[in-house]
Structure formats: structure tokens, C-alpha cells
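Taking it in order: structure first as C-alpha cells, then the write-up.
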Amino acid sequence: MLSTLDIKHFALIESASLDLEPGFNCITGETGAGKSLLLGAIEAITGKQANRELIRKGADLATVDAVYTDVYDILSRDEEIESYLDKDEDQIILSREIRSNGKNLCRINGRPVTLSLLKSVGDKLADIHGQNDRQLIFDKDKHLELLDRFGHQEIYPAFENYQKAYKALQEVRRQEKILVADPEERKALLESLEYQINEIEEVNPQVGEDEVLREQRELLQNKEKIKDALLQGLIALEGVGETSGAITQMEELSSNLQDLSIWNSEYEGILIETNDLIDDIYNLKNKLQDDLEYIESQGNQLDEIIRRLDKISRLKRKYNFTIEAVWEFHDKAVDKRKELIEAADNVDKLQKKKEQVIKILYERATILSDLRKKWADKLQEGIEKELKDLGMSAARFKVDFKKFSLSDAKSYGLENAEFMIASNKGSDFKPLSKTASGGEASRVMLAIKVILAQADELQLLVFDEIDTGISGETSAIVAEKLKLLAKSHQILCVTHQAQIAAVADQQFFIYKASDDETTKTYIKPLNKEEREHEIARLLSGDSDDEQSLILARKLLYNA
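In full-length UniProt numbering, the protein residues as written are 1 to 559.
Structure (C-alpha cells):
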């Protein structure tokens, strides 16, 4: 459940902190007070789009932080998400910063994550029905996905099995395309592969070779400077002419220390250290001589190294930027060449494989289709019952399937689905997207949400003005539906209806206040007396009207 929500500098909200109850939480307030800002903050923390226009004027960034509890069982099924969880804590802290430079910073339990991972977590924790959410449920391209979600216990495993067969068919078709390709096209492809393979093999770049060559190029480009430094180093060690070098001087020092150690044993240790140092100097001299000989032996190899580096660089640019990637491309090209060469021998074998894969695909598609029809009937029955409860007793609902031929198999199956509704007795079924009135659309939306919620593991259901276009008895029915949902889910609902607000376990009030310079939106939880006055306002527009207060108390008492 969503335990805590902290919002800072988000549009008109300077700072707000909400501690939510497990059951039914509702938000009320006057029109224009900013109730939907709360929904926007929840959308932001669950990975939805959020731009810098949401940052409060005068601030550099907007922040939203949310604490969800009792999440481990749901989120731990995703290996990537599980790595961010602490089983002992059994909570997750989501954070998002929306910055004025357009960049977002997202965190899970304090660790930076991508927006897509934040969204993945959010999708598993909350279902948000905003005022624009009608476009989702009333979009026919989403209906099959919603049906599968409703029957996920049986449909998802069958869907996964179907997809494995579908991918196998796609692979067979890819191989078939190679086999049945035009001879000239196959010849051209073979020639291209041969050229690419030979080009890589002729250069034969070794992993790490380019780094070594760059070091050698740097060395040779500075050959004279390096050679001069080596010579000066040798002169310093060996001396020149009548000037003795460090080696001669150190050996003289060693001889003197030898004499001194006879008279004073303290010099014995110094003598040993000096002799060790002389050995180190001889090693250094040998190193300088070896490097000088190497430099002089290189002659004019700089041009050769530059040409070699150029060949390797061209291969890397052409075949994915690293030598490892060049060889990966080479190996794939070799495999593809082998496929083409052996193609003629594999035609019969591939045809038999294709027939087998199509048979498996059809069997699995049939199982998937049958399960979808089974759950479509259950969805129909459930939604019609909900619509009846919501005052649409004559409404009928069905899922209309459009079948595909086997040759037109899609990644999601051999059918698509569209929700259809007949709102009145004797009326024909029409696509759900043609539902006309706002009140009717809201009731259909709520019916679908209630049915899907019963099948979902989502903890939090958020409704923004689900009561649009309804009133009176229907509002009371909607209130009861939300109250029932709150027994198995956490509900957060923005509402204008007194009947709905009255059944909530906790009520928040959103209001605006202005001074000479700014306007701010505030959110506060209401106590019992404050709730009575707010519900009275929802009933009559006057929070102090005595008759409205009496009715408000009655609604709260009966809730």
C-alpha cells in the first residue's frame, strides 16, 4: 500500500505530506483547488511523463517521494527490481526529481534508476484512472490486453507457450527466406559475406592490439626526444670524458665505506645499503641501454604502424567500434555463409520443420483462443452485473473477436478483441468507444475497473472523478462499489460526491490560498467535525447549512 506521499514544489503545491490509510482514502475540495495535482504527483512517482512545467515558479526542481509497504511478494518476482528490495523492511521508497533543465533523477531505496525501471515498479503497484484514462479502456487496441489481464491465471501461461511457438515460426520463416531467395540475390549476399569475412581475416586484428600500436606510435613520433633522454640518462650514470658518472662515484663511495667499516661497525649497514643501490643503478643502466637499442632498431616502422592502426580503425568503424565486436560480426557472417551454402540441402528438412512448428503454433493458438473465450464469458457476466448495480439494468456487454488466418498469425495470437455494449433494451451492440454520455461512460469504466481489480494484484487503485456525470442513487451505488473494493485494495479517489466521500476511511481536503505575490495549494486530513462540514458543502455548497450538516452526519453514521 501507499503509506506516505511527500510532494515539494510541484505546480501550486509548495509542500505537502500525506499519510494514507490502508482502505478508502478520498480527496475533496472546491473546483480549481488543484485536486488533480495530487493525481499528477502519483503519476510522476510511478514513472509517467512529467515535464519541467510542473516545477513551482521560483524553484529549481520539483520532488515527489512515496513509501509503499507490503511490497516484497509482488515486486520480488522481477529479478531486476528484487535487487533493490530489502526483504526485512518489506517496503520500497520511490523518489523522483523533476529538474528545470529537463532532466529527471529517479531513485529506488536511495539508488539511482532509469525512468523505465521506476515505471515498471509503478505499474506493479498502482492503477491510475485519470480523466484521460477513458482513452485507454475505450481504445479497442487495448481490449485484448485487458481481457488477458482479467484471466491472467490461465491466459498468461498459455500466452507464453504460444509466443514461444510464434518465435520459432518467425525463425523458420527467416531461414526459409534465405532458402527461397532469388539465386542472383543469394549470390550477391554470398559475395558480400565473403568480402566482409576476408576483409576481417586479412587484417586479423587482435584484442588489445590497437592500444599497443597507439603506444608504439606515440613512442616513435617522439623518437628523437626519447633517444636524447636515454643518452643523457646513460651519461649521468656512466660519465663522459674526464667527468665520472654516478656508477663510478657510488663505487668510490662503497670503497671508502669499506675502509670505514673496519674502524666503525656502524658503517657496515650503510655499506650494505650502498651496494644494493649500486646494483639498482646497474639495473637502471641496463634498462636505459635496452630501450635505446630498441628505439634505434625501429628504424622507419612509424609509417607501418600508422597504416596498421588505420586498417584496424576502419574495421572498428565498419563493424561496431571494438575489436571484440568485429570478431562477433565475423563469426555471425561465417554462420550465415554456411547457411547459404548448405541451403539447397536443407530445403526438405526446413519444410518438415515448418510444418511441425505450424502444427504446434495452431494447437497453442487454439488453446489460447478457447481460454480467451472462456474468460470473455466471465467478463461479460461480471460487467453486466456491475452495470446493473450501477443503474444500467438493461445494458448488455460482450467481447467481439476478430479471427486471423494462420498465415496472418500475430505475436499475440490468432484473434483480436473489441468490447461491445448495448446500453438499452432492444438496442444493437456498438463498440465501447461509441459510448456517448459522460455518465454512461463513467459507469462502464467503473464496472470494468471493479471486475479487473478483483483479478489484479495491484495494491493501489486511484480514481480521479470517477463520479463524473452521475448523481443521486447512482452515486450511492458507486460509493458502495468503492467501499467494497477498499476491502481488498487501497483506494485513493478524487470526488465531488458527498455519498462517496462519506464512505471513505480517511478524507483529505485540498484548498488554495493566495497572498499579494503567490497562490499555493494545500492538502490536509480532516477530523470528524471537519468532515461533517466538508460533506455538507458537497451537498449544498454551504458548509454551515444546518440541514446539510444533519444529512452529512447521517451519511457518515450510515457509512
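All residues carry an ideal CB built from backbone N, CA and C; glycine is no exception.
Output the boundary residues of the beta strand (DSSP E) element that contains residue i.
i	result
Asn104	104 to 108
Gln91	91 to 99
Gly29	24 to 29
Ala66	61 to 69
Ser15	13 to 19
Ile42	Looking at the DSSP string, Ile42 is not in any beta strand (DSSP E); the run it does join, the alpha helix (DSSP H), is 35 to 45.
Leu492	490 to 494
Going by DSSP, what residues sit across from residue i in a beta bridge?
i	result
Met420	Lys398, Pro431
Gly413	Lys410
Thr248	Answer is none; Thr248 lacks a bridge partner.
Phe508	Ile27, Pro525
Ile451	Answer is none; Ile451 lacks a bridge partner.
Ala513	Lys520
Arg111	Ile108
His533	BP columns for His533 are empty, so no partner.
Thr243	Val240
Lys403	Glu415
Ile128	Val462
Using the Cβ count rule (16 or more neighbours within 10 Å means buried), how would you classify residue i?
i	result
Asp148	buried
Ala513	exposed
Thr31	exposed
Leu220	buried
Lys359	exposed
Val347	exposed
Lys403	exposed
Arg111	exposed
Asn25	buried
Pro157	exposed
Gln170	exposed
Ile81	buried
Thr243	exposed
Ile262	exposed
Glu43	buried
Asn104	buried
Val478	buried
Leu492	buried
Tyr557	exposed
Thr474	buried
Tyr68	buried
Tyr282	exposed
Phe321	exposed
Gly472	exposed
Asp542	exposed
Gly413	buried
Thr495	buried
Val357	buried
For the alpha helix (DSSP H) containing residue i, list its first residue and its last residue.
i	result
residue 560	Residue 560 is absent from the structure shown; the chain starts at 1 and stops at 559.
Val478	472 to 485
Val121	115 to 125
Ile466	No alpha helix (DSSP H) holds Ile466; DSSP gives it neither H nor E.
Gln547	546 to 558
Ile55	Here Ile55 belongs to no alpha helix (DSSP H), and DSSP marks it neither H nor E.
Phe150	143 to 150
Glu80	79 to 82
Asp73	72 to 75
Ala459	For the sequence presented, residue 459 should be read as Gln rather than Ala. Neither: Gln459 is in no alpha helix (DSSP H) and is coded neither H nor E.
Gln499	498 to 502
Taking residue i and residue j to be in contact with their CB atoms under 8 angstroms, please state how far apart those CB atoms are, rounded to whole angstroms.
i	j	result
Gly47	Leu115	6 angstroms
Glu418	Ser369	Their Cβ separation, rounded to whole angstroms, is 15 angstroms, which puts Glu418 and Ser369 out of contact at 8 angstroms.
Thr28	Glu529	That belief does not hold up - the Cβ atoms of Thr28 and Glu529 are roughly 15 angstroms apart, past 8 angstroms.
Lys227	Leu292	7 angstroms
Ala66	Thr4	7 angstroms
His9	Ile197	Rounded, the Cβ-Cβ distance is 59 angstroms, inconsistent with contact.
residue 563	Ile45	In the structure displayed, the chain extends from 1 to 559; residue 563 sits before or after that span and is not available.
Ala552	His152	Actually they do not touch by this definition, with Cβ atoms about 41 angstroms apart.
Ile92	Ile108	6 angstroms
Phe508	Leu482	At roughly 15 angstroms, the Cβ-Cβ gap does not stay under 8 angstroms, so Phe508 and Leu482 are not in contact.
Lys354	Glu176	7 angstroms
message = Quick check on the DSSP output: what are the complete alpha helix (DSSP H) runs of length 4 or more inside the stretch 250 to 338, in order along the chain?
response = 266 to 297, 302 to 318
request  = Ignoring anything shorter than 4 residues or poking outside the stretch 160 to 206, list the alpha helix (DSSP H) runs there in chain order.
outcome  = 183 to 203
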